[in-house]
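If you're matching positions, the sequence shown starts at 0 in numbering that gives the first Met the number 0 and goes up one per residue. The beta carbon of each residue, even a glycine, is placed where N, CA and C say it ideally should be. Remarks on the structure that follows.
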Amino acid sequence: MIYSLGIDLIQTNRVKKALNLWGEKFAAKILGEEEMEIYRTKFNKVQFISGRFAAKEAVIKTLGAFMDNRVHFRQIQILNDLYGKPYVHLDGEVRERVMDKEIKVSITHEREMAAAVAIITGD
Ligand SMILES: CC(C)(COP(=O)(O)OP(=O)(O)OC[C@H]1O[C@@H](n2cnc3c(N)ncnc32)[C@H](O)[C@@H]1OP(=O)(O)O)[C@@H](O)C(=O)NCCC(=O)NCCS
Numbered sequence: 000m001i002y003s004l005g006i007d008l009i010q011t012n013r014v015k016k017a018l019n020l021w022g023e024k025f026a027a028k029i030l031g032e033e034e035m036e037i038y039r040t041k042f043n044k045v046q047f048i049s050g051r052f053a054a055k056e057a058v059i060k061t062l063g064a065f066m067d068n069r070v071h072f073r074q075i076q077i078l079n080d081l082y083g084k085p086y087v088h089l090d091g092e093v094r095e096r097v098m099d100k101e102i103k104v105s106i107t108h109e110r111e112m113a114a115a116v117a118i119i120t121g122d
């Protein structure tokens with residue numbers, strides 16, 4: 000069963016401007032600890048943050064069906080499995096709300112845009 004669906008699109012130049020202005024402080028507002036470690040290894044940091052930003056916004060849209068309080072970007076991490084496929088890691092409080100349901104996400108990026116969709120599925 001699909002419980003909810005979310006989508007987001009972002010212009011990468013907005014991320015580029017913020018990164019130029021705030022540097023790693025901006026990245027650390029968006030990314031969780033494990034994502035930050037990956038971010039530091041990335042050549043294309045704008046693309047990485049843009050994809051994560053879109054994915055987190057898409058996940059936050061799906062979570063609207065389960066939560067009435069604000070969810071912070073850092074409570075949602077988008078990591079990659081051995082094949083590069085993204086998966087969602089939620090921190091404790093958010094995970095408790097979603098319980099045994101699964102959140103799936105898919106990301107795409109072009110030079111000027113990044114987009115993501117997310118769904119919550121379960122029995
Ligand atoms: C996975 C693939 C389709 C990505 O397409 P692309 O046009 O190069 O790049 P996009 O910008 O659209 O997508 C990139 C995102 O795809 C996602 N991705 C990577 N590998 C993936 C996989 N195996 N399955 C699902 N999503 C994947 C990641 O989220 C990645 O962004 P991130 O690294 O910032 O997290 C491409 O790299 C590919 O064909 N890989 C080899 C075959 C493969 O693994 N296919 C998937 C299963 S059949």
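In this structure, Gly121 lies near Tyr2, with their beta-carbon atoms less than 8 Å apart. Of Leu20, Lys15, Ile102, the smallest CA-CA separation from Ala64 is found for Ile102. When Cβ pairs closer than 8 Å are counted between the two stretches, the region 4-22 is seen not to touch the region 33-40, the count staying below three. Secondary structure of Gly50 (DSSP, three-state): helix. Judged by their CB atoms, Ala57 and Pro85 are not nearer to each other than the 8 Å cut-off. Beta-bridge partners assigned by DSSP to His88: Gln76. Your pair Leu18 and Ala26 checks out as a contact, with CB atoms roughly 7 Å apart and the cut at 8 Å. Counting other Cβ atoms within 10 Å of its Cβ, Arg51 reaches 16 or more and is therefore classed as buried. Gln76 counts as buried, since no fewer than 16 other beta carbons sit within 10 angstroms of its beta carbon.
Within 7 Å of the C-beta of His71 there is not a single heavy atom belonging to ligand 1.
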